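Below is one structure, written out as structure tokens; comments come after it.
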Amino acid sequence: MLRKVILAAAGSHRVERLVESAPVSRNVVRRFIAGTGSDDALRCSRELVDNGLAVTIDHLGEDTTNPAQAEATANEYLTLLDALHAAELTPAAEVSVKLSALGQVFDDKQAYEHARSICARASEAGTTVTLDMEDHTTTDSTLEILHKLRVDFPTVGVAVQAYLRRSEADCRDLAVDGLRVRLCKGAYREPESVAFQTRLEVDKSYVRCLNALMGGTGYPMVATHDPRLIAIGEDRARWFDRSPDEFEFQLLHGVRPDEQLRLAGLGYTVRVYLPYGTEWYGYMMRRMAERPANSAFFVRALLSR
Ligand code: FAD
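full-length UniProt numbering applies: residue 1 is where the sequence shown begins, and numbers increase by one.
Rendered as structure tokens:
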């Protein structure tokens with residue numbers, strides 16, 4: 001119930017203004033986000049890499065509404081990739097990209113062109129790109145763009161959301177040719193017609209998707225904080241005879257940092273999803289919805305008005 005309320009608030013500009021103006025917000029935000037600028041992302045990446053972790057950096061921003069905004073986002077990624085290369089943080093650090101931030105909603109051709117230039121720059125910098133998955137209305141377009149990009153950039157990867165009913169079949173299709181697939185539960189508010197609604201159904205779907213990915217010839221990226229699913233990920237890797245360099249775990253920055261280090265200590269690749277930027281509201285609200293215990297700041301911000 002609270003999850004639904006928070007996800008609804010994620011789309012409200014009025015609530016956004018209230019939360020952003022609350023001083024207590026900033027401390028919570030700092031736990032999950034590197035900072036507002038690319039220098040923050042670089043500094044934080046350096047710390048994580050020095051601790052034996054890999055990183056995927058997300059420049060926060062979604063629902064871009066005009067071509068100039070899309071171009072600015074693409075340029076931000078190009079500059080970031082140059083800086084990561086210059087700081088010798090590649091290939092440990094890669095980037096995660098939301099196609100909506102590149103204009104997918106109003107012009108998917110333009111989003112593709114921007115994604116192409118980001119992939120080209122990543123390739124020059126010796127690193128990779130992963131396409132985030134957003135709400136279900138964008139899944140087909142994102143997968144189409146993925147396949148077009150892979151013709152010239154075979155290392156580009158994509159996220160799949162276990163809560164979508166279609167995802168088990170998608171995972172079977174995607175578990176090929178070293179394709180990098182990030183399996184997550186899914187973070188958006190989706191209707192029952194397209195998505196499983198209960199935790200049990202989503203977890204069972206996650207395991208079916210995991211089986212498809214681990215049993216194929218792609219590169220599975222097991223993105224979850226769920227202790228049971230992490231243990232099942234380890235088990236399936238053993239079952240399908242995958243060595244630690246044939247899959248990886250991924251967790252969000254600020255979530256279960258001890259577990260990140262524990263897994264890395266066991267010899268697994270552990271990649272931390274590290275967001276930065278000024279547009280943190282939508283991202284933070286999805287984190288609050290996942291763990292209402294983190295949402296005290298949000299409630300306080302509303303009550304103090
Ligand atoms: P949950 O069901 O949220 O939690 C399960 C269990 O994990 C909890 O019971 C608890 O034991 C443990 N846990 C969870 N959070 C915490 C915490 N803060 N502290 C301690 N224990 C905790 N979603 C998308 O829709 N598209 C994407 O492209 C996308 N990319 C992602 C990339 C990465 C690297 C990760 C990790 C997630 C991504 N997500 C994405 C978000 C994802 O879909 C889930 O919303 C999010 O990961 C929460 O699901 P969970 O698997 O951690 O399990």
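Just so you know, even glycine gets a beta-carbon here, dropped at the ideal spot from N, CA and C.
The structure displayed is predicted, hence computed values, not measured ones.
By the Cβ criterion, the region 163-177 is in contact with the region 185-201, since at least three pairs of Cβ atoms, one from each stretch, lie closer than 8 Å.
When distances are taken from the beta-carbon of L252 to the heavy atoms of the ligand FAD, the shortest one is below 6 Å. Per DSSP, A159 lies in no alpha helix (DSSP H) segment; the continuous beta strand (DSSP E) that holds it begins and ends at G157 to Q161.
Note that the region 97-115 touches the region 61-69; at least 3 beta-carbon pairs, one per stretch, sit closer than 8 Å. Contact between the region 198-206 and the region 152-159 is not established, with fewer than three Cβ pairs separated by less than 8 Å. In this structure Y276 touches D40 by the C-beta definition: roughly 5 Å separates them, less than 8 Å. When secondary structure is reduced to three states using DSSP, H136 falls in the helix class.
Checking the 6 Å criterion, the Cβ of C209 is out of range of every heavy atom belonging to the ligand FAD. By the CB criterion at 7 Å, V129 and V95 fall inside the cutoff. When DSSP states are grouped into helix, strand and coil, A187 belongs to the coil group. The C-beta distance from L174 to A223 rounds to 14 Å, too long to meet the 8 Å contact threshold. Here D241 carries a coil assignment [DSSP, helix/strand/coil].
For E88, the number of other beta carbons within 10 angstroms of its own is below 16, and it is reported as exposed. Taking the CA atoms as reference points, R228 sits about 10 Å from E234. By the Cβ-count criterion, V176 is exposed, with fewer than 16 other Cβ atoms from all chains shown falling within 10 Å of its own Cβ. Residue pairing for V222: DSSP places it in a beta bridge opposite L183 and F249. R208 sits close to E168, with the two beta carbons spaced by under 7 Å.
Membership of S96 in the beta strand (DSSP E) is indicated by the continuous run A93 to V97. Per DSSP, V202 is not a residue of any beta strand (DSSP E); the alpha helix (DSSP H) it occupies stretches across R199 to G215. Between V55 and V272, the beta carbon gap of about 5 Å places them in contact (Cβ cut-off 8 Å). In the three-state scheme derived from DSSP, where H, G and I count as helix and E and B as strand, D63 is classed as coil. For Y276, the enclosing beta strand (DSSP E) starts and ends at V270 to Y276. Put simply, of S205, I232, F240 and H225 the residue whose alpha carbon is nearest the alpha carbon of G215 is F240. Counting the other Cβ atoms within 10 Å of the Cβ of R236 gives 16 or more, which makes it buried. Cβ contact annotation for R286 (same chain, cutoff 6 Å, sequence separation greater than five): A187, in chain order. For D173, the shortest C-beta to heavy atom distance toward the ligand FAD is 6 Å or greater.
Taking 7 Å as the cut-off, the beta carbon of Y77 is found closer than this to the beta carbon of I118.
Taking 6 Å as the cut-off, one finds at least one heavy atom of the ligand FAD near enough to the beta carbon of M133.
The beta carbon of A72 sits no closer than 6 Å to any heavy atom of the ligand FAD. Here A231 is not bridged, per DSSP, to any residue. Straight through space, the alpha carbons of L149 and A72 are spaced by roughly 21 Å. For V129, the enclosing beta strand (DSSP E) begins and ends at V129 to L131.
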